[in-house]
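J.: Under my numbering, read the sequence shown as residues 1 to 239, first letter to last. Glycine included, C-beta positions come from ideal geometry on N, C-alpha and C. If you're wondering where the values come from, they're calculated on a predicted model, not measured in any experiment.
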Amino acid sequence: MKKIKKYPLLSEAFNKDDINKAVKVLKSKKITMSEETTNFEKIFSRKIRSKYALMTNSGSSSNLLAISALTNPLNNKKLKNNDEVLIPAVCWSTSLWPIIQNNLKPVFVDVDLETFNIDITDLLTKITNKTRAIMLIHVLGTCSNMSKLISIARRNNLEIIEDTCESLGAKFNNKNLGTFGRFGTFSFYYSHQITSGEGGMIVCKNEKDYNILKTLRSHGWSRNTIFHKYYKKKYKNID
């Protein structure tokens with residue numbers, strides 16, 4: 001019997017320099033939301049050409065933050081219970097579950113069999129008077145026609161969230177995937193385009209959205225956000 005040859009999912013992700021830098025950070029005792037994280041966010045936002053970028057512990061958490069921001073009371077145009085969100089039928093569970101966790105209704109849209117991205121023709125048949133958003137999932141560096149999707153979203157007053165966890169660096173008409181919609185999410189899992197072992201990023205264009213994301217990421221803390229002055233005045237006993 002012929003021996004089956006096994007191929008690794010990816011080559012070694014970390015070189016000696018990466019490991020030394022990680023050790024240096026650990027020794028500094030400045031972990032999680034430190035200046036290393038802040039610097040990475042700034043570099044990422046410049047590279048991806050998005051105004052704001054916020055690091056998370058995973059692409060899954062980035063998806064949850066995006067949907068949670070859209071349903072948050074601080075958001076002027078928030079999504080409400082049972083509002084519909086269109087999502088491709090071929091999706092990862094952590095793209096789907098944030099919709100359900102926020103009491104929204106997922107509506108599945110068929111996919112293009114050539115790319116497994118959302119099928120625009122079927123999408124048009126699924127829009128109702130309850131549809132409020134589209135969760136796009138860019139599959140392995142490919143996407144649907146973003147020009148058409150943006151046009152559809154504008155005509156129907158829909159928000160777009162782009163799950164770009166598998167497509168960092170991919171572009172449509174020379175514009176980075178993840179920067180077309182209201183939010184774009186990314187993953188730095190071990191087998192993805194770049195990795196921090198685990199980790200993720202969420203990008204957006206709007207300052208208020210960015211500050212809502214910062215607050216949600218940090219258990220509701222308002223410090224270092226535009227909301228802090230308001231809450232400090234309203235609740236005298238908070239720091």
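Compute the beta-carbon to beta-carbon distance between residue 87 and residue 106, rounded to the nearest angstrom, for a pair I have assumed lies under 8 Å.
T.: Their Cβ separation, rounded to whole angstroms, is 5 Å, which keeps residue 87 and residue 106 in contact under 8 Å.
J.: Quick check on the DSSP output: the beta strand (DSSP E) that includes residue 163 runs from which residue to which?
T.: First-last of the beta strand (DSSP E) with residue 163: 159-163.
J.: How would you write the range of the alpha helix (DSSP H) that residue 146 sits in, first residue to last?
T.: Its alpha helix (DSSP H) spans residues 146-155.
J.: Strictly under 8 Å for the Cβ-Cβ distance: is residue 207 near chain C by that measure?
T.: The structure shown contains no chain C; it is built from a single protein chain.
J.: Quick check on the DSSP output: the beta strand (DSSP E) that includes residue 185 runs from which residue to which?
T.: Residues 183-187.
J.: Under the three-state reduction of DSSP, which class applies to residue 3: helix, strand or coil?
T.: Coil at residue 3, not helix or strand.
J.: Per DSSP, which one or two residues make a beta bridge with residue 204?
T.: Per DSSP, 52 and 183.
J.: Whose C-beta lies closer than 8 Å to the C-beta of residue 82 among residues of the same chain, with five residues either side of it excluded?
T.: Result list for residue 82: 103, 104, 105 and 130, in chain order.
J.: Does the Cβ of residue 26 have 16 or more other Cβ atoms within 10 Å, making it buried, or fewer, making it exposed?
T.: The residue in question, residue 26, is exposed, as its Cβ has fewer than 16 Cβ neighbours within 10 Å.
J.: Is DSSP giving residue 131 helix, strand or coil here?
T.: Strand.
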